[in-house]
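Asks:
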């Protein structure tokens, strides 16, 4: 199998999607920030009364999704029509779970936008809490769902 | 313990570093892209003869580091003086290991720049290989080393 | 009434416009920079012989309109099809009046693009003249007209 | 008096600050968003239980300050060391008052950064509330205080 | 003949393309970096065993094409559907020849995107090799081919 | 001779300038846009009465200089302290001559900023005049002068 981002000589290019149909596209991605239990407690209490870590990370994720084609060299620019993030505490990890949903109607999918939204939100959580816990880990970022376009539906197992 | 990115009322702000000394700062971060063994084989053979996935991801990571303060809402803009990435196959994972080293002389550290470089490189790997393997996972992104500045040296365990 | 940028839980998101029709959209906004009469005289004479404050502000406004979705967190990226600014002296104020007209054919309106064009042009005027007059005021920025889309025509009174 | 952004021929340039000393610089700016009383009530209740308009606008203002030299053609890029915004309801207006404080140690002042922070926050308020009230006005944006540098202290009257 | 980027008063604006049809657009541009023969030898050997100047310049050109409307004040933002660059040694020059092909389906052409891709790639070559040869020249950047849209096909002679 | 942008393995990196002294740096670059004599006449008359091609290109060049480290992958971000462009008709070419001067006090030179300013201004001229003349050529972009830093003064011959 060949990688579509390289031509016959092995040179990277932005894949030609001119002939692809404009269809409704959807992608959902998730990721986690693992942290010490006290750090999670600090964030949770913070959200209640001292500062909204999850709210800021959610906004950063939305803005990050809009920068995807600027960050990822071979990504096509796309007019995103929806971005939403959900950030929820995960006591078992312990840490935060981040889920991003992105939609567009365009000629390519929005997997990279959803993954970039999750990554940017996770980095933002790290930034805001790093004074308390430098050993946090951003982990298990993956695509959960992709729909629309010729290659069809993908669901993570 | 309070989170430094929030003031007494819980409002987020960009922390005042005006009074901090300009010192040499170093940060090293790592992360992984886990994939199917055949995907890793495809990349490795690709690097030899058909297209340089790691080379493009390395470049994306360097450029990503320069966008850190644009991506992370409360990050200070910093004149980075060095960025280097190393991307190596990890047969045991299987997948790729990404390591980023960032330096500056400034008033705040470059942890976020190193973590953003790793994240951007990992997303770029995903983008270039996703036609072959949508189930890849970006994982275990963490700070390995931080040096310089008042809070002193941090080494991951 | 609920604010559309927040979901049921109060979390901010980029509103889903996937199902909205692609229609012709138009917005016109205005704003003012109030200044000392001598400052206005300086600009007006400058335009004639020493430097084109209004011309530079007009260009900054056009470029600012293109950055709207990068500046405003929950704004959708839009392929703008026209931007024009008019900057005229207003002796009564005294100061400059700025008017921006923006068009697109898209799934959401261009009010924010028109308002951002006016704001950026006004800030640019301030920047170029601030050595002479730091007490200038950017004022009365508002939407004059919006047309196209389901919510229909709006005209300021 | 000549405008410093134009040379002898009237051509615009970025003023040479190479010889200026690196000193601590501070600027404070303010601005307002005037709205219908019901709109202000909607935001205030929203902040309490349904969505944080002021929090998002504050963050947009901080990020906007970092984009100043990208937005304003002749502005020098500056390593900002602090940005903070305060957004408070003003029942008399009625509307919101926005105040931004910016610091750096550099060769030019941060007036434009403070004014850009206020403008961006105001535009963000408009964006989030425009579905309820298109007649809002962004008004009275001005510099309150500037300190540091050769031209000395400026205080608005 | 009038220049379309200026209105009747001579003020610059972004031309209104709202009424133009969305059609398939193609542009091809070329340019050269002239250098000392030893510099070309250094690059060519480098590509084989010590570093891939052409590969990095090609990637920079692709990313540069995506920034066109951000760089060129009156350019419309466009959803590019394909970018590819070819960089080949030209022993006769001596130096490198750069060719960029850009496609979109939109309301305006992609000439500027193709020319910006070539320029950015040429600047990147200069940057990577300047320690060895500061006298290099970026030269003969021109449009080779433009197709699609009302003004029809253009081919350089 | 080795290329400094590649490490021992041939991998590209952003060169470490942490140990270099902060000194005053200056660079001057030039370039040309060759066009049909009637095109030059159109621009020249335009400048007098119908629109300021050179003024807009000059501004685009200044803003382009500020984007250098965003465009050129391995360029260090630098706090530019001065940018000026001169654009003059060259009847013999025929066409326009563009000269850019950039200053900073930093740890690396500003050659790339000066060359990027010239390139961006040249592209902007092409954009504004392309409706009249698609056969224009951007040519002979080179470094004229570089001063400051360890590698010393360079003057083009």
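Protein chains in written order, with this note's numbering: chain A, 6 to 162; chain B, 6 to 162; chain C, 6 to 162; chain D, 6 to 162; chain E, 6 to 162; chain F, 6 to 162. Each residue gets a CB set at the ideal place from its N, CA and C atoms; glycine is no exception.
What does residue 61 of chain F reach in chain C if we use C-beta pairs closer than 7 Å?
Replies: Within chain C, the residues near residue 61 of chain F are 64.
Asks: Please name the residue or residues paired with residue 91 of chain E in a DSSP beta bridge.
Replies: Per DSSP, E:104.
Asks: Quick check: what's the CA-CA separation for residue 104 of chain A versus residue 128 of chain B?
Replies: So the two alpha carbons sit approximately 16 Å from each other.
Asks: Check whether the Cβ atoms of residue 98 of chain A and residue 39 of chain A lie closer than 8 Å to each other.
Replies: Their beta carbons are under 8 Å apart, which means residue 98 of chain A touches residue 39 of chain A by this criterion.
Asks: With a 10 Å radius around its C-beta and 16 neighbouring C-beta atoms as the bar for buried, classify residue 162 of chain D as buried or exposed.
Replies: Residue 162 of chain D comes out exposed.
Asks: Let me see if you follow: with CB-CB separation under 8 Å, is residue 34 of chain D close to chain B or not?
Replies: No, its Cβ sits nowhere closer than 8 Å to a Cβ of chain B.
Asks: Counting C-beta neighbours from all protein chains within 10 Å, is the total for residue 35 of chain B 16 or more, i.e. buried, or is it exposed?
Replies: With 16 or more Cβ atoms within 10 Å of its Cβ, residue 35 of chain B is classed as buried.
Asks: So is residue 54 of chain B in contact with chain F if we call contact Cβ pairs under 8 Å?
Replies: Because the pLDDT of residue 54 of chain B is 43, which lies under 50, any placement of that residue in the model is unreliable, and the number read from its coordinates should be weighed accordingly. Judged by the 8 Å Cβ criterion, residue 54 of chain B is not in contact with chain F.
Asks: What do you reckon, are the CB atoms on residue 18 of chain A and residue 123 of chain E nearer than 8 Å?
Replies: Against a cut-off of 8 Å, the Cβ pair of residue 123 of chain E and residue 18 of chain A comes out as no contact.
Asks: Run through DSSP, which three-state label would residue 144 of chain B get?
Replies: Strand.
Asks: Is the separation between the beta-carbon of residue 126 of chain B and that of residue 63 of chain B shorter than 8 Å?
Replies: Yes.
Asks: Check whether chain C comes within 8 Å of residue 48 of chain A, counting only Cβ atoms and requiring the distance to be less than that.
Replies: Chain C contact via Cβ: absent.
Asks: Span of the alpha helix (DSSP H) holding residue 59 of chain C?
Replies: 58-71 is the span of the alpha helix (DSSP H), which, as asked, contains residue 59 of chain C.
Asks: Kindly list, in the order they appear in chain D, the residues whose Cβ is closer than 7 Å to that of residue 135 of chain C.
Replies: The answer, in chain order, is 116.
Asks: Are at least three pairs of beta-carbons, each pair with one atom in the stretch 69-86 of chain D and one in the stretch 140-159 of chain D, less than 8 Å apart?
Replies: No contact exists between the stretch 69-86 of chain D and the stretch 140-159 of chain D.
Asks: Count the other CB atoms, across all protein chains shown, that sit within 10 Å of the CB of residue 70 of chain D; report buried if there are 16 or more and exposed otherwise.
Replies: By the 10 Å Cβ count, residue 70 of chain D comes out buried.
Asks: Could you list which residues in chain A have their beta carbon closer than 8 Å to that of residue 17 of chain C, in chain order?
Replies: The contacting residues are 60, 63, 64 and 67.
Asks: Does DSSP classify residue 40 of chain B as helix, strand or coil?
Replies: Residue state, collapsed to three classes: coil.
Asks: Residue 124 of chain E lies in the alpha helix (DSSP H); which residues open and close that run?
Replies: From DSSP, the alpha helix (DSSP H) with residue 124 of chain E extends over 116-134.
Asks: If contact is defined by three or more beta carbon pairs under 8 Å, each pair taking one atom from either stretch, is the stretch 129-136 of chain A in contact with the stretch 9-18 of chain A?
Replies: With a cut-off of 8 Å, the stretch 129-136 of chain A and the stretch 9-18 of chain A do not count as touching, because too few Cβ pairs lie within range.
Asks: Hey, is residue 76 of chain C's beta-carbon within less than 8 Å of any beta-carbon in chain D?
Replies: Yes - at least one Cβ of chain D is within 8 Å of the one on residue 76 of chain C.
Asks: Would you decide whether residue 66 of chain D is buried or exposed? Buried here means 16 or more other CB atoms lie within 10 Å of its CB.
Replies: Label assigned to residue 66 of chain D: buried.
Asks: What in chain F is Cβ-close to residue 107 of chain D, meaning under 9 Å?
Replies: In chain order: nothing, as chain F lies at least about 16 Å away.
Asks: For residue 160 of chain E, does the count of other Cβ atoms within 10 angstroms reach 16, so buried, or fall short, so exposed?
Replies: Per the 10 Å Cβ criterion, exposed.
Asks: Give me the chain D residues within the contact set of residue 102 of chain C, using Cβ-Cβ distance strictly less than 8 Å, ordered along the chain.
Replies: Per Cβ cutoff of 8 Å: no residues; residue 102 of chain C is ~14 Å from chain D at best.
Asks: Tell me whether the beta-carbon of residue 73 of chain B lies closer than 8 Å to the beta-carbon of residue 117 of chain B.
Replies: For residue 73 of chain B and residue 117 of chain B, yes; Cβs fall inside 8 Å.
Asks: Strictly under 8 Å for the Cβ-Cβ distance: is residue 88 of chain E near chain C by that measure?
Replies: It does not: the Cβ of residue 88 of chain E has no partner Cβ on chain C nearer than 8 Å.
Asks: Would you mind giving the Cβ-Cβ distance between residue 106 of chain E and residue 76 of chain E, rounded to the nearest angstrom? I have them listed as a contact below 8 Å.
Replies: 19 Å between Cβ atoms; not a contact.
Asks: When you compare the CB of residue 71 of chain D with every CB in chain B, is at least one pair closer than 8 Å?
Replies: Chain B contact via Cβ: present.
Asks: Alpha carbon to alpha carbon, how far is residue 138 of chain B from residue 115 of chain E?
Replies: Rounded to the nearest angstrom, the two C-alpha atoms are 33 Å apart.
Asks: At the 8 Å Cβ level, is residue 21 of chain C part of the contact set with chain A, yes or no?
Replies: With 8 Å as the cut-off, residue 21 of chain C counts as an interface residue toward chain A.
Asks: What is the C-beta distance between residue 32 of chain C and residue 101 of chain C, in whole angstroms, given that I count them as a contact (C-beta under 8 Å)?
Replies: Their Cβ separation, rounded to whole angstroms, is 20 Å, which puts residue 32 of chain C and residue 101 of chain C out of contact at 8 Å.
Asks: Is DSSP giving residue 26 of chain B helix, strand or coil here?
Replies: In this structure, residue 26 of chain B counts as coil in the three-state DSSP scheme.
Asks: Taking 8 Å as the threshold (beta carbon to beta carbon), is residue 57 of chain F in contact with chain C?
Replies: Closer than 8 Å to some Cβ of chain C, the Cβ of residue 57 of chain F qualifies, so yes.
Asks: For residue 110 of chain F, would you say it is in contact with chain D, using Cβ-to-Cβ distances shorter than 8 Å as the test?
Replies: Interface residue, yes.
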